Each structure stands twice: as structure tokens, then as C-alpha cells.
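Trainee:
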Amino acid sequence: MIDLKDLRENPDRYRTGAARKQMAVDIDRLLELDTKRREALSEQESLRAEQNRLSKETGAKIGPLMGQLKKAEGDERTRIQAEVDAIKAAPAALKEKIQSLQETIDAIKPEFDEILLSVPLPPDEDVPVGESADDNIELRRWSPDGWDADKSFHENRGFKPLTHIELCDRLGLVDFPRGVKLAGTRSYVLTGMGMRLHQAVLRYAIDFMADTNGFTPMSVPVIVKEEAMVGTGFFPAGRDQAYHIEETARGSGHDLFLTGTGEVGLMGLHQDEILDEASLPIRYVTVSTCFRREAGAAGKDTAGLYRIHQFDKVEQVVICKNDEAESREWHRKMIGFVEAFLQSLELPYRLLQCCTGDLGVKNADMIDIECWMPGRGEPDADGVPSGEFGETHSASRLYDYQCRRLNMRYRGGGEAGQGATTFCHSLNNTVAASPRILIPILENHQNADGSVSVPRVLRPYMNGIERIG
RNA sequence: GGAGAGGUGGCAGAGCGGUUGAAUGCGCCGGAUUCGAAAUCCGGUAUGGACUUCGUGUUCAUCGGGGGUUCGAAUCCCCCCCUCUCCGCCA
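Heads up, the first sequence is in the numbering used here, so the first residue is -1 and it goes up one at a time.
1. Using the Cβ count rule (16 or more neighbours within 10 Å means buried), how would you classify N442?
2. Just to confirm, are R305 and K311 a CB contact at a threshold of 8 Å?
3. Is the region 113 to 121 touching the region 35 to 53, taking contact as three or more C-beta pairs under 8 Å?
4. Are the Cβ atoms of W145 and N154 separated by less than 8 Å?
5. Under 8 Å by Cβ, that's how I've got R374 and E386 pegged, so tell me the actual separation to the nearest angstrom.
6. When DSSP builds the beta bridges, which residues end up paired with I288?
7. Which runs of the alpha helix (DSSP H) at least 4 residues long sit entirely within the region 130 to 164? Give them in chain order.
8. Evaluate contact between the region 308 to 325 and the region 280 to 296, counting only Cβ atoms and requiring at least three cross-stretch pairs below 8 Å.
9. Label K360 either buried or exposed according to how many other C-beta atoms from any shown protein chain fall within 10 Å of its C-beta, with 16 as the threshold for buried.
10. Determine the closest residue to D253 out of I243, G260 and E30, with distance taken between C-alpha atoms.
11. Determine whether the beta carbon atoms of C353 and G128 lie at a separation below 8 Å.
12. Beta carbon of P509, beta carbon of K19: below 8 Å?
13. Spatial neighbours of A38 within its chain, please: CB distance less than 8 Å, with the 5 preceding and 5 following residues excluded, ordered by chain position.
14. Taking just the CA atoms, how far does V336 sit from Y202?
15. Could you tell me if A301 is buried or exposed, where buried requires 16 or more neighbouring beta carbons within 10 angstroms of its beta carbon?
16. Checking the sheet assignment: what are the DSSP bridge partners for T428?
17. Take E464 and list the residues in its own chain whose beta-carbon comes closer than 8 Å to its own, dropping the five residues that flank it on each side.
18. Considering only C-alpha positions, which residue in the set V220, I204, K223 and A296 is nearest to T214?
19. Contact check, E261 vs T230 under 8 Å by CB: the rounded distance?
20. How long is the line joining the alpha carbons of F421 and C166, rounded to whole angstroms?
21. What residue ranges within the region 78 to 131 form continuous alpha helix (DSSP H) runs of no fewer than 4 residues, ordered along the chain?
22. What do you get for F255, buried or exposed, if any count of 16 or more other CB atoms within 10 angstroms of its CB means buried?
23. Is the region 159 to 176 touching the region 426 to 444 in the sense that three or more CB pairs, one from each, lie closer than 8 Å?
24. Taking C-alpha atoms, which residue in Y282, K95 and I367 lies nearest to V218?
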């Protein structure tokens, strides 16, 4: 959520920001509703003040009168009753006005909230302006020793690559037909060594972040309340992407949603909390099953492990102080962790600076990391794929946008902790999403004989197995 | 799933229709005392919003959440959520 005060003072900043992100949001309407709402609230507040003042007087008078009333008889009783009635009548008019203003406020609220939650965080000035993913800018590439990124897979390795789908079939790593039988399109079953490799990557990723980089490993819910989805910024914009468990339909108190990323659970942990400044930065890593409806992606990446409804992801988040320089520094570090991770897996990758049009509502900046997937891309005349980079990671810098929604603050003032409260900054980045990460692992580490070498760093997690097939 | 008890400030715990944003204790902060500390004593100690002559000050909301009754609700009623105890079931 953006800062409403800042929006009032600098509406153009948000108009421009939304435009650069290719998002339609009616700022003028929001400001109009805000004015109406504030007028009503302000008037209501002064009426309440009057009501409270009267109430205090009334309380002191009515008590004794009620006592007298019990004992009194005849005319005396009638007189006291009239006095009591008169005292009671005074605030009645106020009550009606307050009620009427409340109705005005209630009528404004739904539309107001809807628009407010939809106003995107303006992208940083140094984020290149663009319309879509096509305008993203490559920052740099890395390739392992012995791999020439300018040459084809065949030229590099001396044989034509198989796609991960072919490898999975031949090596018995994935059972797609039975996955579809069980759960429909975009479903799969990891089998045998496929499952072992999947678990190995995830476990290695957790250890890498916890042991090497000092992140605290966590296990968090993947079925959460709507507040967590709204708080983390996935709702209302991404409502279509989430599976919805309609518990209210069976009489329970609230509906639940399946999370599409561990970020929801990790960031939701400290919702409505005031953290100690000394506890920052908080660094969490989790592995969680992620659920995505992939609404609107019909027909896209339908085959293989690339775009699926359910997968497991190791995710890193950082919650730090409200300081742009610190946020930027953490962003660099979190990307660095992933680079070191991918380099240890010997996977060619590139960094993409996402343009404004490719950013979501909640980020000021986003760097995607794409791994080289030899089995992707348009096949040549012989049916051999040309290879293509495929997105495997996404690193976002959100400043206080997410923490504002989550109402997550910290108290400054050092040890004494007497300072003002401030919204935290937050960042998140993938560490490893599997089975998608298996695509570059299988395809890049395949051998001429159709086997796949297990990357060295994963062997300890595979009981020392060096080769599949 | 069944039966019962309960959710109040950082924590413990009173209040159960009237001037109560809320007693008391602990904790925490400041001060006094002390060579220093402990103990003791004094004072302070929620969050968010609105207005402000930006020094403050004034004010509204918040006692699990929502709705209702009332001139007035932490206190009464309804719904929901959560916690605890016992039984059942289960990984």
C-alpha cells in the first residue's frame, strides 16, 4: 500500500508510476473519495466529541436521579421522570447525525479500499521505462568453465541436446500422464531419481542460505487467510491466480487461500507487529509448496515441468530498516546469493533488469535471473531445439509498500527503544524453484549417452550418486 | 467432532452499564539516595487517525473480530475467530 498522505501531496508521482507500470488506476477518483471520506470523518469526530462531553455530564446527573426516582411518589416522581427524560433526549439528535455520517462513510469504503490497494508503488527512477518483458534489459551473463555462450549446445558439447521432457521420459524421472490423470492439466509425478534430485536441490538451497548466508530456516503455512494475501500484496490484483478454499460455504468463519509462494507465509509472520530495531534485518528462508492457477496462461508452456500448478520453492526474504540505501544493498546481496548458488550448480544464467512495464504493483525494482535451458526455443529443421533462457528467479525490492499493508513496523531509538515507529522495508528473491530448476540442471548436465551428471554440490544430497542413467 | 472454561495495556490480573484508556503488581524508562550497585522512594510508561500558532495542545477510535441493545458498553445480547481442560479421533 502506498502512503495516502504522500498521494495527496504528490498525486502526479503516482499517476506517472502507474502509467510506467502499464497499470490503469483512477487516482482522481481515489482523491475525490478520500476528500469526501475525510469530510465525513471529521464532522463525525466533532459530533462524537460533543456526544462524549454530554455523556459525561449525563452520567453524573442520571445516577442520583434514578436513585431518587425509586423512592419518589406522585408528582415528585413525575417531575423526576421528566427531568431524566430531558437529559436523555439531549444526545439523541447527535446520535442520528453520527449514524447518518457513518452510512456515508460505509458507502465510500469499498470503492476507496479497492482503488487504494490497487495503486502501485512507483518504480524507481533508475528502472528503465518499458511496456513489457520484451523491453527488459540484460545486465550480464555468466557461464561455467568450458561453456561458450556464443556457441550452440552441439558446438559446445559435441552432441545434440535432448529436452528435459525427453530426458525425464528416458530416465524415468517424471510421469506426466499419471499426473494429469490424478490432477488434470499442468500436473506431474516426480518418480525415482527425479524425486531424489528435486529433494536434493531444495535441501541444498536451504542449507546454502542457512549455513552459508545466515538466513533462518522456517516452515510456514501455505493455506492462509485473506488478510495475509492482501497484506503481502497478492490480493486483490492476483486473486485469480490463487486457489480458494471456500470454508464459509460450509458454514465456517473464514475462507482460506493456497499460497503461490513462501513469501506470503514469511512476510505474514510479523503482520501487525512492532519489531525491535535491534532485531533487524530479519532474514528468513523457507521451502514451501506453491500453488498457482495459471489463469490466463492457457496454451503457454503446456508441456513439461516449466509451467505447472504445484511446485516447491525455496524463498528468501529480508525485512530491514526503512532506508533506501540499505534496501538496495540487500537487493544486491540477495541476487549475489543466487548467483553463487547457480554458479555452484554450474548453470549458465543471465541477469535481467525488468522494465517498468514488467513490474508488479508492489515492487519498485525487480531483477529476474534466467537460466539457460538448451531444450527450449524454436527447434531447427532437424527438430533440435536452439536453447533459450528461461526465468528461474525473481528478486524484488518493495521498500515499505508491503509492510505498510501488513502493518509491520519497528521502533527506533536503539537500546532504549523509545523512538517513533516506522514501517519496515521488505525484499524477496527465489533461491530455487523445483522442478523448474531441474530443467536447466538436466539439460545442461546431460551427456552424449543420454545420462545426466549430478552437479557436484548435489551429490552429498544424493547419497553420493554422480550420474543418473 | 462432543462438553466445559476463557480471551482486558510488554506480561500477570481487577473491573461486569455511567466522568474507565482502563485499579493493582511485575517489567521497562527517567530521577532521588549511593563511592558504585542492590534495596527503597518519586515520576513516567499503548497504538493509529484528525486538527494545531509545530511548543505543545485539543480531539476521535481501539479492552479477540463483526453486528446489535442503550442517552451512554470493556461491562448486556447475537454471530464468528482463537486459547485452555476433559472425552473422541488421528500423523
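Note that the Cβ used here is the ideal one computed from N, Cα and C, for glycine as well. Predicted, not measured: the structure shown is a model, and the values here were computed from it.
Mentor: For this structure:
1. Buried: at least 16 other Cβ atoms inside 10 Å.
2. No, Cβ-Cβ distance for R305 and K311 is not below 8 Å.
3. As far as the Cβ criterion goes, the region 113 to 121 does not touch the region 35 to 53, which means the pair count is below three.
4. When the beta-carbon positions are compared, W145 and N154 come within less than 8 Å of each other.
5. Between R374 and E386 a beta carbon distance of about 4 Å is seen, short of the 8 Å cut, so the two are scored as contacting.
6. The residue asked about is misnamed: residue 288 is Cys in this sequence, not Ile. F309.
7. Every unbroken stretch of the alpha helix (DSSP H) spanning 4 or more residues and falling wholly within the region 130 to 164 is given here in chain order: 151 to 155.
8. The answer is yes - the region 280 to 296 touches the region 308 to 325, with three or more Cβ pairs under 8 Å.
9. By the neighbour-count criterion, in which a residue is buried when 16 or more other Cβ atoms sit within 10 angstroms of its Cβ, K360 is buried.
10. Per the Cα distances, I243.
11. Cβ atoms of C353 and G128: closer than 8 Å.
12. Absent from the structure is residue 509, since the part of the chain shown begins at -1 and ends at 467.
13. Excluding sequence neighbours, A38 sits near L99, T102, I103 and I106.
14. Cα to Cα, Y202 sits roughly 12 Å from V336.
15. By the 16-neighbour rule on beta-carbons within 10 angstroms, A301 is exposed.
16. Paired residues: E313.
17. Contacts found: S451, V452 and R457.
18. Out of V220, I204, K223 and A296, I204 has the C-alpha closest to the C-alpha of T214.
19. Indeed they touch by this definition, with Cβ atoms about 6 Å apart.
20. Taken atom to atom, the span from the alpha-carbon of F421 to that of C166 is near 47 Å.
21. Within the region 78 to 131, the runs of alpha helix (DSSP H) that reach at least 4 residues and sit entirely inside it are, in chain order, 90 to 116.
22. The residue is buried, with at least 16 neighbouring Cβ atoms inside 10 Å.
23. Yes: the two stretches touch, three or more of their Cβ pairs being nearer than 8 Å.
24. The option with the nearest alpha carbon to V218 is Y282.
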